[in-house]
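Colleague: Letter 514 of the sequence shown, counting from 1, is numbered 518 in the numbering used here, and no numbers are missing. Where a beta carbon is used, it is the ideal one built from N, C-alpha and C, also for glycine.
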Amino acid sequence: MIDPITTLSFSIYSNPDVYAVLLGSGISRDARIPTGWEIVLDLCRRIAAAQGNFEEESPAEWYEKLYGHAPKYDALLELLCKTPDERQALLQSYFIPTESEMEEGIKLPTPAHRALASLVKLGFIRIILTTNFDRLMETALQDEGVDFDVASSPEAIRGNRPFVHTRCTIYKLHGDFKDPRILNTPDELANYSQEQNQLLDRVLDEFGLIIVGWSGEWDVALRAAMLRTVSRRYSWYWLAVGSVRDGAKELIAHRRAEVINIEGASSFITQLCTRVEGMNVSNTIHPYTTDAVVGMVKQFLRRGDWIKLEEYFISESNALREKMLMLPQYGNAEDFKQNLQTLTSISTPLVASLLTLSYYSRNDERLFPIYEKTVRRLTTIPAAGGSVIILQLLKYPALLCMYAAGISAVVQQNYSLLRNILIMPIVDRHRQRTDFFIKQISTRSVFPAPLNIPRPNANEYTAANNHLYDVLKPLFSHILPTNEEFADAFNIFEILSSLFYTIEDRRRTGTDSFIAGRFGWDDDATQMINHFFHDGSKENLEWPVLTQFFKLTVDEFKEHLTLYEQLFERATASWGYESLNLSQHYQG
Numbered sequence: 005m006i007d008p009i010t011t012l013s014f015s016i017y018s019n020p021d022v023y024a025v026l027l028g029s030g031i032s033r034d035a036r037i038p039t040g041w042e043i044v045l046d047l048c049r050r051i052a053a054a055q056g057n058f059e060e061e062s063p064a065e066w067y068e069k070l071y072g073h074a075p076k077y078d079a080l081l082e083l084l085c086k087t088p089d090e091r092q093a094l095l096q097s098y099f100i101p102t103e104s105e106m107e108e109g110i111k112l113p114t115p116a117h118r119a120l121a122s123l124v125k126l127g128f129i130r131i132i133l134t135t136n137f138d139r140l141m142e143t144a145l146q147d148e149g150v151d152f153d154v155a156s157s158p159e160a161i162r163g164n165r166p167f168v169h170t171r172c173t174i175y176k177l178h179g180d181f182k183d184p185r186i187l188n189t190p191d192e193l194a195n196y197s198q199e200q201n202q203l204l205d206r207v208l209d210e211f212g213l214i215i216v217g218w219s220g221e222w223d224v225a226l227r228a229a230m231l232r233t234v235s236r237r238y239s240w241y242w243l244a245v246g247s248v249r250d251g252a253k254e255l256i257a258h259r260r261a262e263v264i265n266i267e268g269a270s271s272f273i274t275q276l277c278t279r280v281e282g283m284n285v286s287n288t289i290h291p292y293t294t295d296a297v298v299g300m301v302k303q304f305l306r307r308g309d310w311i312k313l314e315e316y317f318i319s320e321s322n323a324l325r326e327k328m329l330m331l332p333q334y335g336n337a338e339d340f341k342q343n344l345q346t347l348t349s350i351s352t353p354l355v356a357s358l359l360t361l362s363y364y365s366r367n368d369e370r371l372f373p374i375y376e377k378t379v380r381r382l383t384t385i386p387a388a389g390g391s392v393i394i395l396q397l398l399k400y401p402a403l404l405c406m407y408a409a410g411i412s413a414v415v416q417q418n419y420s421l422l423r424n425i426l427i428m429p430i431v432d433r434h435r436q437r438t439d440f441f442i443k444q445i446s447t448r449s450v451f452p453a454p455l456n457i458p459r460p461n462a463n464e465y466t467a468a469n470n471h472l473y474d475v476l477k478p479l480f481s482h483i484l485p486t487n488e489e490f491a492d493a494f495n496i497f498e499i500l501s502s503l504f505y506t507i508e509d510r511r512r513t514g515t516d517s518f519i520a521g522r523f524g525w526d527d528d529a530t531q532m533i534n535h536f537f538h539d540g541s542k543e544n545l546e547w548p549v550l551t552q553f554f555k556l557t558v559d560e561f562k563e564h565l566t567l568y569e570q571l572f573e574r575a576t577a578s579w580g581y582e583s584l585n586l587s588q589h590y591q592g
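#1: In or out: residue 555 buried (at least 16 other Cβ within 10 Å) or exposed?
#2: To the nearest angstrom, how far is the alpha carbon of residue 172 from that of residue 277?
#3: So, under 8 Å CB-CB, residue 445 and residue 399 are touching, yes? Tell me the CB distance rounded to an integer number of Å.
#4: Distance check for residue 534 and residue 250, CA to CA, integer angstroms please.
#5: So, with DSSP's three-state summary, where would you put residue 131?
#6: Determine, for residue 472, whether the minimum Cβ-Cβ distance to residues of chain C falls below 8 Å.
#7: Ignoring anything shorter than 4 residues, give me the alpha helix (DSSP H) runs that lie fully in the region 194–235, in order along the chain.
#8: Rounded to whole angstroms, what's the CA-CA distance from residue 585 to residue 506? Just pull it up for me.
#9: Given this structure, state the Cα-to-Cα distance separating residue 290 from residue 406, to the nearest angstrom.
#10: Can you tell me the Cα-Cα spacing of residue 70 and residue 192, whole angstroms?
#11: Check whether the region 203–215 and the region 14–32 are in contact - that is, three or more C-beta pairs closer than 8 Å.
#12: List the endpoints of the continuous alpha helix (DSSP H) containing residue 494.
#13: For residue 541, I'd like the list of residues in its chain whose CB is within less than 8 Å of its CB, leaving aside the five on either flank, ordered along the chain.
#14: Taking the CB atoms as reference points, tell me whether residue 605 and residue 83 lie closer together than 8 Å.
#15: Tell me the residue span of the alpha helix (DSSP H) that contains residue 470.
#16: Taking only three categories from DSSP, how would you classify residue 264?
#17: Per DSSP, what are the beta-bridge partners of residue 310 in this structure?
#18: Closer than 8 Å is the cut-off here; do at least three beta carbon pairs connect the region 489–504 with the region 412–429?
#19: How should residue 362 be labelled, buried or exposed, when 16 other C-beta atoms within 10 angstroms of its C-beta is the threshold for buried?
#20: Distance check for residue 531 and residue 539, CA to CA, integer angstroms please.
#21: Where does residue 242 sit, in a helix, a strand or coil, going by DSSP?
#22: Taking the alpha-carbon of residue 390 as reference, which of 161, 217, 333 has the nearest alpha-carbon?
#23: Helix, strand or coil, according to DSSP, for residue 586 in the structure here?
#24: Suppose you measure from the CA of residue 11 to the CA of residue 80; what does that come to, to the nearest Å?
#25: Go ahead and label residue 320 buried or exposed: buried means 16 or more other beta carbons lie within 10 angstroms of its beta carbon, across all protein chains shown.
#26: Quick one: any contact between the region 40–60 and the region 138–157, if contact means 3 or more CB pairs under 8 Å?
#27: Mind checking who residue 176 pairs with in its DSSP beta bridge?
#28: Cα separation between residue 372 and residue 314?
#29: Using only alpha-carbon positions, find the residue among 492, 587, 508, 281 that is nearest to residue 521.
#30: So, is residue 190 buried or exposed, given that buried needs 16 or more other C-beta atoms within 10 angstroms?
#31: Evaluate contact between the region 245–265 and the region 96–104, counting only Cβ atoms and requiring at least three cross-stretch pairs below 8 Å.
#32: Count the C-beta pairs between the region 293–305 and the region 352–362 that are closer than 8 Å, then say yes if the count reaches three, no if not.
#33: Could you check whether residue 428 and residue 376 sit closer than 8 Å to each other, using their CB atoms as the reference points?
#34: Look up residue 171 in the DSSP assignment and say whether it is helix, strand or coil.
#35: Measure how close the beta-carbons of residue 135 and residue 34 come, nearest whole angstrom, since I'm counting them as under 8 Å.
#36: Does the distance from the CB of residue 187 to the CB of residue 161 come in under 8 Å?
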């Protein structure tokens, strides 16, 4: 499944100016701006204190009992302030930061406000509806240099330029803190003016809606506007911190809105803006889901549409490469973990595509060149300088692709393809020479500091391999639906690629080298591998692993197995697990 932030970011990117945003009091919470009702309660406390009542637990009830009506914003201000200057000074204490508050970032636009302002500046958001009285959104837009209109009263709605002729319009549905006519009490929030209702009917009919920081509980007139809207031209997204309240559930069901659970508005909207900006810069065609890319590649193969197939892989690999180029090349262990997470996420569509291509290749010679050009494109990331662990990690997407395609080849017993995947030439730019692929792209070269890989168990022997296992397993679910099937295919690929690495490197350089795999500590995998080699020995020269993959005689293969076992023993002696006995089980 594609993650909700990717769905929403692509919807915004693909449909500029068709989403409106509704902001509730929750978005201003991080700025320590009180809600309208909190201000009313505080004003009631001040009146009570002025009359000698300092310990009123329910100031609103006290006020209503004393004055015979519910507290209202304008009436409270009249009781407390005798002049306009006094009124402004009182209001500013709630909404305008002092110098010390500014230094602490209090009552200033939050990252969420600033991210929304960036989306407006980029041309993706045109209409902002808000129930808030503050001016944080206006300040954020001003700081971005965006031209915008504000309508905070029925008269302003009637007299403003039509929103289609503005870069952005903020509609303050409940008013502005400097206007004493703000809507705050239940009675005031029960009905909107004709101008407000007409505006909402049009916006909710013609635009999608992203709801942030609004509970959906108390604003009766706004709820009514949503419930009477029947058009569903564009999706609604409800960003929720914690559980959704009952009032919101009714609106969500009526609008068929998608609920996105978030930890906070600022972190989510900032990330959302970053995604949209990234697509805007790199002109990404689509953040494909795994199911979508698998189905698309299958369709191209079924139709024999080689041109579209190659165009797709060129486009997707270029998009991935551009995203890789945007990553920082300096950093520490924490930056490594962040880059690893990012690279895993952005590589998934291409990895899923290549494993499907490999699985359904059917020995078609036209398909490997597509794979080769696609993966090679990922290995040419220029690096003028940077941290070693960060720079080495740029090979990680190519490693994922090699594993995915290689495992698929193992499943199909397409050992000629597997050999091509591992032996394809790659330029070692550091040493200025050409090498075989797995020599340059392996767990050993990509993860020089495996302890930096976030794992549940810090003492894992093969943290990098275990990470690859966990990342790739869900991508193979349509091919290998059971845990046992995937584990067997993964372990066969790792033992064959490890053996190939040792044999080919010895043939080319005369040195003895070894790369580890999960099979080194997994006794079940060891037994399965021993059986695999035992069964292969029965086929003698008919075994495709021997003839198509290693391209060795039986005697040559036995000799290499013996030398490999010695390397394996030295590398894993301290692990304390069952030894490989490949030469014993292979009796060809």
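Modeller: This is what the structure holds:
#1: As a first step, residue 555 is located in the sequence shown; it is residue number 551 there, counting from the start. Exposed, by the Cβ-count rule.
#2: Here the question's residue 172 lines up with position 168 in the sequence shown. Here the question's residue 277 lines up with position 273 in the sequence shown. Roughly 17 Å between the two C-alpha positions.
#3: Along the sequence shown, one-based indexing puts residue 445 at 441. Along the sequence shown, one-based indexing puts residue 399 at 395. Yes, they are in contact, since the Cβ atoms of residue 445 and residue 399 sit about 5 Å apart, within 8 Å.
#4: By one-based count along the sequence shown, residue 250 stands at place 246. By one-based count along the sequence shown, residue 534 stands at place 530. In a straight line, the C-alpha of residue 250 is about 59 Å away from that of residue 534.
#5: Position 127 of the sequence shown, counting from 1, holds the residue named residue 131. Strand.
#6: In the displayed structure, chain C is absent; only one protein chain is listed.
#7: The alpha helix (DSSP H) runs of length 4 or more contained entirely in the region 194–235 are, from start to end of the chain, 198–210, 224–231.
#8: Looking up residue 585 in the sequence shown gives position 581. Looking up residue 506 in the sequence shown gives position 502. About 16 Å.
#9: Within the sequence shown, numbered from 1, the residue matching residue 290 stands at position 286. Within the sequence shown, numbered from 1, the residue matching residue 406 stands at position 402. At residue 290 the pLDDT is 43, less than 50, meaning the model places this residue with poor confidence; the figure from the coordinates comes in the next sentence. Their Cα atoms are separated by approximately 23 Å.
#10: On the sequence shown, position 66 is the one that residue 70 refers to. On the sequence shown, position 188 is the one that residue 192 refers to. Spanning the two alpha carbons is a distance of roughly 21 Å.
#11: Yes, since at least three Cβ pairs between the region 203–215 and the region 14–32 fall closer than 8 Å, the two stretches touch.
#12: Numbered from its first residue, the sequence shown carries residue 494 at position 490. Per DSSP, residue 494 belongs to the alpha helix (DSSP H) from 487–513.
#13: As a position in the sequence shown, residue 541 is number 537, starting the count at 1. If we look at residue 541 and ignore the five residues flanking it on each side, its Cβ neighbours are 547, 589, 590, 591, 592.
#14: An answer regarding residue 605 cannot be provided, because it is not within the stretch 5 to 592 covered by the chain.
#15: To locate residue 470, count along the sequence shown from 1; it is residue 466. Start and end: 467–476.
#16: Taking the first residue of the sequence shown as 1, we reach residue 264 at position 260. The answer is strand: DSSP assigns residue 264 an E or B state.
#17: Counted from its first residue, the sequence shown places residue 310 at position 306. Partner(s): none; residue 310 has no beta bridge.
#18: yes
#19: By 1-based counting over the sequence shown, the position of residue 362 is 358. It counts as buried.
#20: In the sequence shown, counting from the first residue as 1, residue 539 sits at position 535. In the sequence shown, counting from the first residue as 1, residue 531 sits at position 527. Rounded to whole angstroms, residue 539 to residue 531 spans 12 Å at the Cα level.
#21: Position 238 of the sequence shown holds residue 242. It is a strand residue.
#22: Counting from 1 along the sequence shown, the entry for residue 390 is found at position 386. Minimum Cα distance to residue 390 is reached at 333.
#23: Here residue 586 refers to the residue found at position 582 of the sequence shown. If DSSP states are grouped into helix, strand and coil, residue 586 belongs with the helices.
#24: Here residue 11 corresponds to residue number 7 of the sequence shown, with the count starting at 1. Here residue 80 corresponds to residue number 76 of the sequence shown, with the count starting at 1. Roughly 46 Å between the two C-alpha positions.
#25: Mapped onto the sequence shown, residue 320 falls at position 316. Residue 320 counts as buried, since no fewer than 16 other beta carbons sit within 10 angstroms of its beta carbon.
#26: no
#27: Residue mapping note: residue 176 aligns to position 172 of the sequence shown, counting from 1. Paired residue(s): 134.
#28: One-based indexing of the sequence shown puts residue 372 at position 368. One-based indexing of the sequence shown puts residue 314 at position 310. Distance between the alpha carbons of residue 372 and residue 314 is about 11 Å.
#29: If you number the sequence shown from 1, residue 521 lands on position 517. Nearest option by C-alpha distance: 492.
#30: If you number the sequence shown from 1, residue 190 lands on position 186. Answer is exposed; the Cβ neighbour count stays below 16.
#31: Flag = no, the region 245–265 and the region 96–104 do not touch.
#32: yes
#33: For the purposes of this step, residue 376 is taken as the residue at position 372 of the sequence shown. For the purposes of this step, residue 428 is taken as the residue at position 424 of the sequence shown. Contact: yes.
#34: Along the sequence shown, one-based indexing puts residue 171 at 167. It is coil, neither helix nor strand.
#35: Position 131 of the sequence shown, counted from the first residue, corresponds to residue 135. Position 30 of the sequence shown, counted from the first residue, corresponds to residue 34. Between residue 34 and residue 135 the Cβ distance is about 17 Å, and since that is not below 8 Å, they are no contact.
#36: Numbered from its first residue, the sequence shown carries residue 187 at position 183. Numbered from its first residue, the sequence shown carries residue 161 at position 157. Not a contact, by the Cβ cut-off of 8 Å.
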